[in-house]
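Report on one structure; see the data block that follows.
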Amino acid sequence: MLHPFTSGPQLLALFALALVIQQRLPDSEDVFHSFWVSCLVGAGAAVLLPGAFNPDVSLTIIAIVTGLLTASALRLPIVPLLLLGVICGLPSGYLCWPEPGAKGDMMFTALGGIIGSVVIVIVVAGIIEGIWQTAKWPWLPIAIRVAGSWIAATSVLLGALLLRPMT
-18 MLHPFTSGPQ LLALFALALV IQQRLPDSED VFHSFWVSCL VGAGAAVLLP
32 GAFNPDVSLT IIAIVTGLLT ASALRLPIVP LLLLGVICGL PSGYLCWPEP
82 GAKGDMMFTA LGGIIGSVVI VIVVAGIIEG IWQTAKWPWL PIAIRVAGSW
132 IAATSVLLGA LLLRPMT
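Residue numbers for the sequence shown follow this note's numbering, so the first one is -18 and each next one is one higher.
Written as structure tokens, this is what we have:
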């Protein structure tokens, strides 16, 4: 379940998705469902197409876009939000599929990574929403937007490191 913590792009994308979901509750519950279903589909794609692409670059781009959506607090219609859940879930699930080994062990490892990804989104969005519901601090929405901008900025820097030529 700790696999998402080993991938910077995945962790940033999951945090940003959690912030987007929290900002738009209760309308964004379907985004969460599209995310976890897409994680399963992404892991299935990794079984069928191992090594087809590097999900780190796509997760970095997703983290940038989702961080900017959080920072702007732009209210998107439900269809683009659902697509955001799908676009985040597919590479997250793909990345959770482990290196070759015994099939049973690989399935448990992938399932653990997917559950870890889902738990991160639930916990981050849930804690922030719980604080909002109990405290109603007027500065909390601003802090969430600032966190989104930090995620976007960190993702840009991470993307520069991912795309730099290796010598």
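In this text, a Cβ means the ideal position worked out from N, Cα and C, and glycines have one as well.
Because the structure is a prediction, the values reported are computed rather than measured.
Taking only the alpha-carbon atoms, compute the straight-line gap between residue i and residue j and give it to the nearest angstrom.
{"i": "Ala134", "j": "His14", "result": "27 Å"}
{"i": "Arg145", "j": "Gln(-9)", "result": "19 Å"}
{"i": "Ile59", "j": "Leu50", "result": "14 Å"}
{"i": "Val38", "j": "Leu143", "result": "7 Å"}
{"i": "Pro81", "j": "Leu(-5)", "result": "25 Å"}
{"i": "Gly129", "j": "Gly140", "result": "16 Å"}
{"i": "Met88", "j": "Pro72", "result": "17 Å"}
{"i": "Ile43", "j": "Trp113", "result": "26 Å"}
{"i": "Ala116", "j": "Ile109", "result": "10 Å"}
I want to check one thing, is the minimum distance from the CB of residue i to the heavy atoms of the ligand FMN below 7 Å?
{"i": "Gly32", "result": "This structure does not include the ligand FMN; it has no bound ligands of any sort."}
In or out: residue i buried (at least 16 other Cβ within 10 Å) or exposed?
{"i": "Phe34", "result": "exposed"}
{"i": "Gly85", "result": "exposed"}
{"i": "Leu30", "result": "exposed"}
{"i": "Arg56", "result": "exposed"}
{"i": "Gly66", "result": "buried"}
{"i": "Ile45", "result": "buried"}
{"i": "Leu(-17)", "result": "exposed"}
{"i": "Ala91", "result": "buried"}
{"i": "Gly32", "result": "exposed"}
{"i": "Ala(-3)", "result": "buried"}
{"i": "Ser136", "result": "buried"}
{"i": "Phe16", "result": "buried"}
{"i": "Ser53", "result": "exposed"}
{"i": "Gly12", "result": "It is Val, not Gly, that sits at residue 12 in the sequence shown. When all chains shown are included, Val12 counts as buried."}
{"i": "Leu40", "result": "buried"}
{"i": "Pro119", "result": "exposed"}
Are the C-beta of residue i and some C-beta of chain C separated by less than 8 Å?
{"i": "Thr41", "result": "The question asks about chain C, but that chain is absent: this structure has only one protein chain."}
Assuming residue i contacts residue j under a Cβ cut-off of 8 Å, what Cβ separation, rounded to an integer in Å, is found between them?
{"i": "Gly70", "j": "Cys20", "result": "4 Å"}
{"i": "Val100", "j": "Ile2", "result": "That belief does not hold up - the Cβ atoms of Val100 and Ile2 are roughly 14 Å apart, past 8 Å."}
{"i": "Pro(-15)", "j": "Gly97", "result": "5 Å"}
{"i": "Ile68", "j": "Ala24", "result": "That pair is no contact at about 16 Å."}
{"i": "Gln4", "j": "Ile132", "result": "No, Gln4 and Ile132 are not in contact; Cβ-Cβ is about 13 Å, not under 8 Å."}
Next on the checklist: Restricting to runs no shorter than 4 residues, where is the alpha helix (DSSP H) found entirely within the region 44 to 81?
Outcome noted: 59 to 77
Item to check | Contained alpha helix (DSSP H) runs [length at least 4] in the region 75 to 132, N- to C-terminal order | outcome: Qualifying alpha helix (DSSP H) stretches, in chain order: 84 to 116.
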